[in-house]
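Inspection log for the structure reproduced underneath, given as structure tokens.
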Amino acid sequence: MLRISILALLSMTTMAGAVDLKTTVLDNPTAYIPPQCYTKTEDAAGEVHNPCQTCHTYPRHPNYVRDADLQTEYAFPGPALENPWRNLFVDRRAEVAATDSAEIRAYVRQDNYHDAEGGIALAAKLADPPAAWDANGNGEWDGYIPDVQFAFDDEGFDRRPDGGLTGWRAFAYQPLPGTFWPTNGSTDDVMIRLPEAFRQSADGVEDVVTYKTNLAIVQALITRADVAIEPTDEAAMGVDLDRDGVMGQAEVVKFAFAPLDGITMHWAGRAGAEDAQLAAGLYPKGTEFVHSVRYINPMLEGIELAARLKELRYMVKTDWESYADLEETALAELKEDSAFPDRTKQFFGSSETGVPNTFGWRLQGFIEDATGDLRPQSFEETVFCVGCHGTLGVNDDSTFAFARKLGKEAYRSGWYHWTQKGLAGTPDRVRADGSGDYAHYLRTNGAGDEFRANAELIEDWLEAGKLPPGKEAALAEDIGPLILPSPERADALNAAYRMIVRDQSFTQGRDATVAPVDGSVWREVEQDQPTGIEEIAQPWYKRR
Numbered sequence: 007m008l009r010i011s012i013l014a015l016l017s018m019t020t021m022a023g024a025v026d027l028k029t030t031v032l033d034n035p036t037a038y039i040p041p042q043c044y045t046k047t048e049d050a051a052g053e054v055h056n057p058c059q060t061c062h063t064y065p066r067h068p069n070y071v072r073d074a075d076l077q078t079e080y081a082f083p084g085p086a087l088e089n090p091w092r093n094l095f096v097d098r099r100a101e102v103a104a105t106d107s108a109e110i111r112a113y114v115r116q117d118n119y120h121d122a123e124g125g126i127a128l129a130a131k132l133a134d135p136p137a138a139w140d141a142n143g144n145g146e147w148d149g150y151i152p153d154v155q156f157a158f159d160d161e162g163f164d165r166r167p168d169g170g171l172t173g174w175r176a177f178a179y180q181p182l183p184g185t186f187w188p189t190n191g192s193t194d195d196v197m198i199r200l201p202e203a204f205r206q207s208a209d210g211v212e213d214v215v216t217y218k219t220n221l222a223i224v225q226a227l228i229t230r231a232d233v234a235i236e237p238t239d240e241a242a243m244g245v246d247l248d249r250d251g252v253m254g255q256a257e258v259v260k261f262a263f264a265p266l267d268g269i270t271m272h273w274a275g276r277a278g279a280e281d282a283q284l285a286a287g288l289y290p291k292g293t294e295f296v297h298s299v300r301y302i303n304p305m306l307e308g309i310e311l312a313a314r315l316k317e318l319r320y321m322v323k324t325d326w327e328s329y330a331d332l333e334e335t336a337l338a339e340l341k342e343d344s345a346f347p348d349r350t351k352q353f354f355g356s357s358e359t360g361v362p363n364t365f366g367w368r369l370q371g372f373i374e375d376a377t378g379d380l381r382p383q384s385f386e387e388t389v390f391c392v393g394c395h396g397t398l399g400v401n402d403d404s405t406f407a408f409a410r411k412l413g414k415e416a417y418r419s420g421w422y423h424w425t426q427k428g429l430a431g432t433p434d435r436v437r438a439d440g441s442g443d444y445a446h447y448l449r450t451n452g453a454g455d456e457f458r459a460n461a462e463l464i465e466d467w468l469e470a471g472k473l474p475p476g477k478e479a480a481l482a483e484d485i486g487p488l489i490l491p492s493p494e495r496a497d498a499l500n501a502a503y504r505m506i507v508r509d510q511s512f513t514q515g516r517d518a519t520v521a522p523v524d525g526s527v528w529r530e531v532e533q534d535q536p537t538g539i540e541e542i543a544q545p546w547y548k549r550r
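Residue 288 in this note's numbering sits at position 282 of the sequence shown; the count goes up by one each step and never skips.
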């Protein structure tokens, strides 16, 4: 077929030459549809697996993207019917087996984010960007310049070498089931930063207590639930946080948002004095996230985040979108898909300034070059990220992790970085239906990843595709043994991914598969082909 020839040619061109960071033309017009969407949800024995529910589900308002039906059919536009993610079908077994364990571990333990003096290597390079990186040719870098130090204090705040705050704060969260479990390829972390006004007292002075209070208010808005806080002087914050009618000491931020009834919440400090915009389910304008995706570091103490970054992902909320705006955008996309089912989504931006989604956010990223140093992602590599941070039912204001932040019962109330405490010992999240989130995923998917390629997990946790009661009970207490790989698997996944790095073939897929996954992934599907899933799974959260 002609399409196969073109894909092969594109693959060879990508691997043979340097990545073009100036083009805004997509070789893969559906780069926003991830490889996981090509999973064969029926296996050879006729058993049905449902990994689709992780992303495609019934949303919480003000997410108006109701895409639970995508659990039941492959609703792809015509150009996406042939699977473009060719890296899924590469056989890496021989090279992975030949990789020396000590060598690959030394590689992942090298810090490619900081320079020899402890500075941020990428920031220094972006101060005078190479011409190949300067997409608009103005001699300057006009996108995000990495500034998180990865130096966290006891409250999760990132600090500069002089001890000052960068504004970034790390938080612990329960990763989404499937791809983001370390046993499936990567470790990662997420940091949040609110705009300057949210970090200041009413008189414009930087104040950590005000900042912590506003972060708790954001948490209440995104989770739609009360949030416990340390005793806080409400008069100093300028807001009745616990809504008891008295400006005293509050130990909880009470969630309340019914504006038609005159019920709403308020920001603390300068943001409150300036009456910054606020709504349930939404972050304030100017909110930023940084997400580092890393290799897996097997140590005697257990699995840790590797020093080497695979990627540094960044997103910033550039526009405030009202509920009406968000609903109009979602309905417009639904109408477009219905009227023109073969029309692909269009994206704007560049590798330098990032790519906006349609909900008020701009995304940008950095990824390893062939030598292991970080470089800006190309336009197409960034469109890949926008596909998930946008029109998905599971999203909360285009994000995943913060809605799953650990709460008061967790270590440091969930405000810490994984280098301060790992995932081991974290209990399974309780779903709205009372079951464990990961236990539910294992029961309904019959595997620990979308591709059913993690044989180690299947062997350790499932019996004939079922989750035994004893395993479920253990999981309720500690998710670590489930989602952390053995040292041998970690080495194999690290080696497999490094092959993709050396080829610079990210536009063909980033999943660290060792063996080809033809048995569980389609090379081509028919439009609106049924998945075989007949019962749509409910989300982990309470539908509102």
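Where is the CB? At the ideal position from N, CA and C, for every residue including glycine.
Residue i versus residue j: straight-line alpha-carbon distance, rounded
i, j, result
"residue 16", "residue 514", "Since pLDDT at residue 16 reaches only 37, below the 50 mark, its modelled position is unreliable, and no value is offered."
"residue 468", "residue 235", "39 Å"
"residue 338", "residue 70", "11 Å"
"residue 376", "residue 128", "15 Å"
"residue 414", "residue 225", "12 Å"
"residue 160", "residue 416", "14 Å"
"residue 395", "residue 318", "15 Å"
"residue 517", "residue 186", "11 Å"
"residue 275", "residue 260", "17 Å"
"residue 536", "residue 489", "30 Å"
"residue 408", "residue 134", "34 Å"
"residue 9", "residue 56", "Any reading at residue 9 must be qualified, since the residue scores a pLDDT of 33, below 50, and its modelled position is unreliable; the value itself is stated next. Distance between the alpha carbons of residue 9 and residue 56: 29 Å."
"residue 348", "residue 84", "5 Å"
"residue 109", "residue 167", "31 Å"
"residue 269", "residue 438", "25 Å"
"residue 534", "residue 344", "12 Å"
"residue 49", "residue 192", "26 Å"
"residue 23", "residue 470", "Its pLDDT being 49, under 50, residue 23 is placed unreliably in this model, and the coordinates cannot settle the point."
"residue 147", "residue 31", "21 Å"
"residue 21", "residue 510", "Any reading at residue 21 must be qualified, since the residue scores a pLDDT of 37, below 50, and its modelled position is unreliable; no value is offered."
Residues that residue i bridges to, as DSSP identifies them
i, result
"residue 195", "298"
"residue 367", "323"
"residue 71", "Paired residues: none, contrary to the question."
"residue 472", "469"
"residue 163", "175"
"residue 542", "Paired residue(s): none; residue 542 is not in a bridge."
"residue 90", "Looking at the DSSP assignment, residue 90 forms no beta bridge with any residue, so it has no partner."
"residue 402", "405"
"residue 318", "298 and 372"
"residue 269", "264"
"residue 57", "The partner list for residue 57 (beta bridge, DSSP) is empty, contrary to what the question assumes."
"residue 52", "Answer is none; residue 52 lacks a bridge partner."
Limits of the alpha helix (DSSP H) - the one that residue i falls within
i, result
"residue 463", "461 to 467"
"residue 225", "214 to 229"
"residue 509", "493 to 509"
"residue 234", "Unbroken run through residue 234 is the beta strand (DSSP E), 233 to 239; no alpha helix (DSSP H)."
"residue 109", "107 to 114"
"residue 380", "Here residue 380 belongs to no alpha helix (DSSP H); instead the beta strand (DSSP E) covers 380 to 382."
"residue 129", "127 to 132"
"residue 392", "385 to 392"
"residue 6", "The displayed coordinates of the chain run from 7 to 550. Any statement about residue 6 would go beyond what the structure contains."
"residue 443", "443 to 451"
"residue 419", "No alpha helix (DSSP H) holds residue 419; DSSP gives it neither H nor E."
Check whether residue i and residue j have beta carbons under 8 Å apart
i, j, result
"residue 26", "residue 328", "no"
"residue 502", "residue 102", "yes"
"residue 178", "residue 197", "no"
"residue 315", "residue 118", "yes"
"residue 36", "residue 81", "no"
"residue 195", "residue 421", "no"
"residue 473", "residue 73", "no"
"residue 322", "residue 368", "yes"
"residue 372", "residue 362", "no"
"residue 366", "residue 324", "yes"
"residue 302", "residue 183", "no"
Endpoints, beta strand (DSSP E) assigned at residue i
i, result
"residue 307", "Element bounds for residue 307: n/a, residue is neither H nor E."
"residue 259", "255 to 259"
Any non-hydrogen atom of the ligand NAP within 7 Å of residue i CB
i, result
"residue 475", "What this structure holds is no ligand at all, so the ligand NAP is not there to describe."
task = Please determine if the stretch 55 to 70 and the stretch 533 to 546 are in contact, where contact requires at least 3 C-beta pairs separated by less than 8 Å.
result = yes
key: Three CB pairs or more closer than 8 Å across the stretch 523 to 533 and the stretch 447 to 466   = yes
key: Segment contact flag, the stretch 269 to 288 with the stretch 355 to 365, C-beta cutoff 8 Å, min 3 pairs   = no
request  = Count the C-beta pairs between the stretch 237 to 249 and the stretch 277 to 284 that are closer than 8 Å, then say yes if the count reaches three, no if not.
outcome  = yes
request  = Could you tell me whether the stretch 496 to 510 touches the stretch 457 to 475, where touching means 3 or more Cβ pairs closer than 8 Å?
outcome  = Counting Cβ pairs under 8 Å, fewer than three are found: no touch.
inquiry  = Any contact between the stretch 430 to 448 and the stretch 475 to 482? By contact I mean 3 or more CB pairs, one from each, below 8 Å.
reply    = yes
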